Amino acid sequence: MKANVLRGITRLEENEAPLSLLDLPEPVPNEGEILLKVSACGVCHTELDEIEGRTPPPRFPIILGHQVIGRVAALGRGASRFSIGERVGVGWIFSACRRCKFCLSGRENLCNEFKATGRDFDGGYAQYMTVPEGFAYTIPDVYTDSQAAPLLCAGAIGYRSLRLTGLQDGQKLGLTGFGASAHLVLKMVRYRYPNVQTFVFARSNEERNFARELGAVWAGDTTEESPVRLDCIIDTTPVWTPIVEAMRNLEPGGRLVINAIRKEDIDKDSLLGLDYPIHLWMEKEIKSVANVSRTDVSEFLALASEMGITPEVQEYPLSGANQALLELKKRKIRGAKVLTIG
Ligand SMILES: [Zn+2]
Ligand SMILES: [Zn+2]
4 MKANVLRGIT RLEENEAPLS LLDLPEPVPN EGEILLKVSA CGVCHTELDE IEGRTPPPRF
64 PIILGHQVIG RVAALGRGAS RFSIGERVGV GWIFSACRRC KFCLSGRENL CNEFKATGRD
124 FDGGYAQYMT VPEGFAYTIP DVYTDSQAAP LLCAGAIGYR SLRLTGLQDG QKLGLTGFGA
184 SAHLVLKMVR YRYPNVQTFV FARSNEERNF ARELGAVWAG DTTEESPVRL DCIIDTTPVW
244 TPIVEAMRNL EPGGRLVINA IRKEDIDKDS LLGLDYPIHL WMEKEIKSVA NVSRTDVSEF
304 LALASEMGIT PEVQEYPLSG ANQALLELKK RKIRGAKVLT IG
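Going by our numbering, the sequence shown opens with residue 4, and the numbers climb by one from there.
What follows is the structure, encoded as structure tokens:
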């Protein structure tokens with residue numbers, strides 16, 4: 004099979020083609036696993052964190068990709084949940100221990116043995132992949148393969164982030180960063196909370212216009228002050244300055260939810276600008292979002308199809324993975340990037 008493989012940690016500034024397209028043997032499903040013939044795989048900022056070593060894969064070579072749509076091509080021993088030919092999806096959660104206090108209380112995203120698709124195990128930047136059947140999802144019929152892929156991470160983690168904000172209808176929400184996840188959050192908010200006003204902070208004019216098109220009441224630069232104080236803000240940027248700026252824009256008692264697996268160090272010194280009375284006092288909170296649980300993914304898939312949310316996607320062939328990643332690094336973003344795999 005054709006697979007796009009990462010052979011080691013590297014920096015995109017110095018190496019614009021971190022992945023190599025190779026011919027590899029098709030994987031064989033182990034007990035309880037299914038083999039998928041992959042048709043689409045979303046491209047996520049987390050792949051940049053893996054390539055650049057902020058959340059490094061434990062072994063190389065590794066096949067990245069954790070927003071995978073495919074059809075069941077073979078069943079491992081004992082696997083009976085899906086039938087051959089059925090369309091399923093795989094997200095960031097590849098497996099968890101299923102025994103610890105986190106797993107037993109619906110918080111498997113916090114499990115000590117949490118394993119990630121496309122980091123700890125091979126993912127979907129390839130023609131085939133295997134996954135434990137309990138960690139695959141039926142995909143609503145209304146979506147094409149490319150449309151469904153970004154729902155599995157960008158959408159699901161956006162859903163989790165929104166849940167963690169505690170947002171209520173009538174409140175004011177901020178989104179700092181406006182990529183794949185944030186644009187789906189805005190669509191969700193417009194449906195679920197019709198009286199919420201959303202304020203978007205984004206670096207590029209293109210992203211700001213896109214946010215307005217999708218219904219943001221205001222869009223400004225990451226460092227701009229919002230016209231009103233906000234009840235909660237979701238940060239999806241890879242850096243620190245937006246965190247400091249966001250804290251200033253919060254209402255007393257407001258909450259900032261950071262949706263990022265890792266932050267880049269380039270502007271870490273901006274944290275020294277934190278001024279306690281301006282940024283933190285008055286019971287302002289900061290909460291991070293870690294991974295996703297299976298419940299997040301399945302609930303979000305159901306909600307998305309009920310709402311008729313359709314992600315805006317940009318398609319690339321499997322051989323275009325390096326280009327898609329580079330554009331993501333350079334923040335050339337409109338919606339979600341997806342590899343289509345034949
Ligand atoms: Zn992701
Ligand atoms: Zn566990």
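In this text, a Cβ means the ideal position worked out from N, Cα and C, and glycines have one as well.
Quantities reported herein were computed from a predicted structural model and do not represent experimental measurements.
Query                                                                                               : Result
Buried versus exposed, by CB contacts within 10 Å (16 or more), Asp26                               : exposed
Beta-bridge partners of Met4, as assigned by DSSP                                                   : Its beta-bridge partners do not exist; DSSP assigns none.
Arg265 - DSSP class collapsed to helix/strand/coil                                                  : coil
Contact check, Ile96 vs Glu111, beta carbons under 8 Å                                              : yes
Best match in Pro153, Ala249, Thr147, Glu330 for proximity to Leu233 [C-alpha to C-alpha]           : Ala249
Option in Arg297, Gly127, Trp284, Thr133 with minimal Cα separation from Arg80                      : Thr133
Quiz: which residues have CB nearer than 7 Å to ligand 2 non-hydrogen atoms                         : Ala99, Cys100, Arg101, Arg102, Cys103, Phe105, Cys106, Glu111, Cys114, Asn115, Glu116
Assigned secondary structure, Gly126 (DSSP; H/G/I helix, E/B strand, else coil)                     : coil
Where the beta strand (DSSP E) through Arg90 begins and ends                                        : 90 to 93
For Lys287: DSSP bridge partner residues                                                            : DSSP lists no partner for Lys287.
Rounded straight-line distance, which links the Cα of Val91 to that of Ala152                       : 10 Å
Closest by C-alpha distance to Ser164, when choosing among Arg215, Ser296, Leu67, Pro135            : Ser296
Residues passing the C-beta test against ligand 1 heavy atoms, cut-off 6 Å                          : Cys47, Thr49, His69, Trp95, Cys156
Unbroken alpha helix (DSSP H) run spanning Ile344, endpoints                                        : Here Ile344 belongs to no alpha helix (DSSP H), and DSSP marks it neither H nor E.
First through last residue of the alpha helix (DSSP H) which encompasses Ile246                     : 244 to 252
Proximity of Gln174 and Val41 at Cβ, strictly below 8 Å                                             : no
Three-pair Cβ contact test at 8 Å for the segment 44 to 58 versus the segment 121 to 128            : yes
Start-to-end residues for the alpha helix (DSSP H) that takes in Thr49                              : 48 to 54
Nearest to Arg206 (by Cα), restricted to the options Ala219, Pro245, Gln171, Val188                 : Pro245
Lys335 - DSSP class collapsed to helix/strand/coil                                                  : coil
Reduced DSSP category for Ala151 - H, G, I as helix; E, B as strand; rest coil                      : helix
Any C-beta of chain C under 8 Å from that of Lys271                                                 : Here there is only one protein chain, and chain C is not present.
Bridge partner(s) assigned by DSSP for Gln317                                                       : Lys340
Within the segment 158 to 208, ranges of the beta strand (DSSP E) (whole runs, at least 3 residues) : 175 to 179, 200 to 204
Delimiting residues of the beta strand (DSSP E) encompassing Thr13                                  : From DSSP, Thr13 is part of no beta strand (DSSP E); its letter is neither H nor E.
Neighbour-count burial assignment, Lys333, 16 or more Cβ in a 10 Å radius                           : exposed
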